[in-house]
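Colleague: This is the structure I want to talk about, given as structure tokens.
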Amino acid sequence: MIYPIRLYGDPVLRKKARPVQDFQGLKKLAEDMLETMFEARGVGLAAPQIGLSQRFFVAVEYADEPEGEERPLRDLVRRIYVVANPVITHREGEVEGLEGCLSLPGLYAEEVPRAERIRVEYQDEEGRPRALELEGYMARVFQHEIDHLEGILFFERLPKAKREAFLEENRAELARMQKEARALLKELSQG
Ligand code: ZN
Numbered sequence: 042m043i044y045p046i047r048l049y050g051d052p053v054l055r056k057k058a059r060p061v062q063d064f065q066g067l068k069k070l071a072e073d074m075l076e077t078m079f080e081a082r083g084v085g086l087a088a089p090q091i092g093l094s095q096r097f098f099v100a101v102e103y104a105d106e107p108e109g110e111e112r113p114l115r116d117l118v119r120r121i122y123v124v125a126n127p128v129i130t131h132r133e134g135e136v137e138g139l140e141g142c143l144s145l146p147g148l149y150a151e152e153v154p155r156a157e158r159i160r161v162e163y164q165d166e167e168g169r170p171r172a173l174e175l176e177g178y179m180a181r182v183f184q185h186e187i188d189h190l191e192g193i194l195f196f197e198r199l200p201k202a203k204r205e206a207f208l209e210e211n212r213a214e215l216a217r218m219q220k221e222a223r224a225l226l227k228e229l230s231q232g
């Protein structure tokens, strides 16, 4: 099942999500979220982005696309991460990098600061405790997704001047998304 992705302006993206307590049905939810994410050509998708205020996300590490060949994203999957109740227990270094978000389609910010290396403790789709050490790009993806569980969007990690510039440059597009987010909420509430 492909979910509609909640856009900037939807209040669910601003809420602190609740811990996952019931792991029944999480495997199916993960599959649906992955399908939604592949369809939207993303690298990660957090539960609040489909309207579920739960501490849960999926992320994928892709292989590079062979040059000149167009492959379905699914064929390029190197590793899938299904992550419930993540906690960053260690961070090291700082790097700036480019980020975008499926809830702010088409908008990107360069120089989003993130820890270079992290250790994350979490539970898998069956509730088993897991830990990972990540660096570089996947460390960035995890920090972006974990921020979603706190109601934080990537541009809010920018230093003040760059954050204000981002909002200013994308003012019209952001207003359009807010309008679309409200329309989707209305549609969903009417069944
Ligand atoms: Zn995002």
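One point on numbering: in the numbering used here, the residue at position 87 of the sequence shown is 128, and numbering is uninterrupted. In this text, a Cβ means the ideal position worked out from N, Cα and C, and glycines have one as well. None of the values given here were measured: they were computed from a predicted structure.
Would you check whether ligand 1 has a heavy atom nearer than 7 Å to the C-beta of S144?
Modeller: For the purposes of this step, residue 144 is taken as the residue at position 103 of the sequence shown. The answer is yes for S144.
Colleague: Once DSSP output is grouped into helix, strand and coil, what is the label at E191?
Modeller: The sequence position of residue 191 within the sequence shown is 150, counting from 1. E191 falls in the coil class under three-state DSSP.
Colleague: Does F64 come out as helix, strand or coil in the three-state DSSP assignment?
Modeller: Here residue 64 is taken as the residue at index 23 of the sequence shown, counted from 1. Under the three-state reduction of DSSP output, F64 falls in the coil class, being neither helix nor strand.
Colleague: Can you list the alpha helix (DSSP H) stretches of 4 or more residues lying completely in the segment 63-144, in chain order?
Modeller: 67-80
Colleague: Going by beta-carbon coordinates alone, are V153 and G138 separated by less than 8 Å?
Modeller: The sequence position of residue 153 within the sequence shown is 112, counting from 1. The sequence position of residue 138 within the sequence shown is 97, counting from 1. Their beta carbons are under 8 Å apart, which means V153 touches G138 by this criterion.
Colleague: Is DSSP giving L199 helix, strand or coil here?
Modeller: As a working mapping, residue 199 is identified with position 158 in the sequence shown. Coil, per DSSP.
Colleague: Would A180 and A156 be called neighbours here (beta carbons separated by less than 8 Å)?
Modeller: Sequence index remark: in the sequence shown, residue 180 carries index 139 (1-based). Sequence index remark: in the sequence shown, residue 156 carries index 115 (1-based). A contact, by the Cβ cut-off of 8 Å.
Colleague: At a cut-off of 7 Å, would you count H131 as near ligand 1, judging by its Cβ distance to the nearest heavy atom?
Modeller: As a first step, residue 131 is located in the sequence shown; it is residue number 90 there, counting from the start. No - ligand 1 has no heavy atom lying nearer than 7 Å to the Cβ of H131.
Colleague: Quick one: Cα of L19 to Cα of Y44, how far?
Modeller: Absent from the model: residue 19. The displayed extent of the chain is 42 to 232, so no value can be given.
Colleague: Tell me whether A180 sits in a helix, a strand or coil according to DSSP, three-state version.
Modeller: As a position in the sequence shown, residue 180 is number 139, starting the count at 1. In this structure, A180 counts as helix in the three-state DSSP scheme.
Colleague: For the 8 Å Cβ check, are there 3 or more pairs between the segment 58-78 and the segment 94-103?
Modeller: yes
Colleague: Leaving aside the five residues before and after E174 along the sequence, list all residues of the same chain whose C-beta is less than 6 Å from its C-beta, in chain order.
Modeller: Stepping through the sequence shown from its first residue, residue 174 is reached at position 133. Same-chain partners within the cutoff: R160.
Colleague: Are the CB atoms of Q95 and I46 within a distance shorter than 8 Å?
Modeller: Counting from 1 along the sequence shown, the entry for residue 46 is found at position 5. Counting from 1 along the sequence shown, the entry for residue 95 is found at position 54. In this structure, Q95 does not lie closer than 8 Å to I46 by Cβ.
Colleague: Do Y49 and L215 come within 8 Å of each other at the CB atom, strictly closer than that value?
Modeller: Your numbering for residue 215 matches position 174 in the sequence shown. Your numbering for residue 49 matches position 8 in the sequence shown. Cβ atoms of L215 and Y49: closer than 8 Å.
Colleague: Counting along the chain, where does the beta strand (DSSP E) carrying Q164 start and finish?
Modeller: Your numbering for residue 164 matches position 123 in the sequence shown. Annotation for Q164: the continuous beta strand (DSSP E) segment containing it runs 149-164.
Colleague: In terms of residues, what are the limits of the alpha helix (DSSP H) holding L229?
Modeller: The residue labelled residue 229 in the question sits at position 188 within the sequence shown. Its alpha helix (DSSP H) spans residues 212-230.
Colleague: With a CB to CB cut of under 7 Å and the five nearest residues on each side skipped, what residues in its chain are close to N126?
Modeller: As a first step, residue 126 is located in the sequence shown; it is residue number 85 there, counting from the start. Excluding sequence neighbours, N126 sits near P60, V61, R96, Y163, Q164.
Colleague: Verify whether the separation of the beta carbon atoms of F64 and E166 is less than 8 Å.
Modeller: Numbered from its first residue, the sequence shown carries residue 64 at position 23. Numbered from its first residue, the sequence shown carries residue 166 at position 125. Yes, Cβ-Cβ distance for F64 and E166 is below 8 Å.
Colleague: Would V123 and G92 be called neighbours here (beta carbons separated by less than 8 Å)?
Modeller: Here residue 123 corresponds to residue number 82 of the sequence shown, with the count starting at 1. Here residue 92 corresponds to residue number 51 of the sequence shown, with the count starting at 1. Against a cut-off of 8 Å, the Cβ pair of G92 and V123 comes out as no contact.
Colleague: Note down, in chain order, each residue of its chain lying with its Cβ closer than 7 Å to the Cβ of E106, except the 5 sequence neighbours on either side.
Modeller: Stepping through the sequence shown from its first residue, residue 106 is reached at position 65. Once the five neighbours on either side are set aside, the close Cβ partners of E106 are R112, L117.
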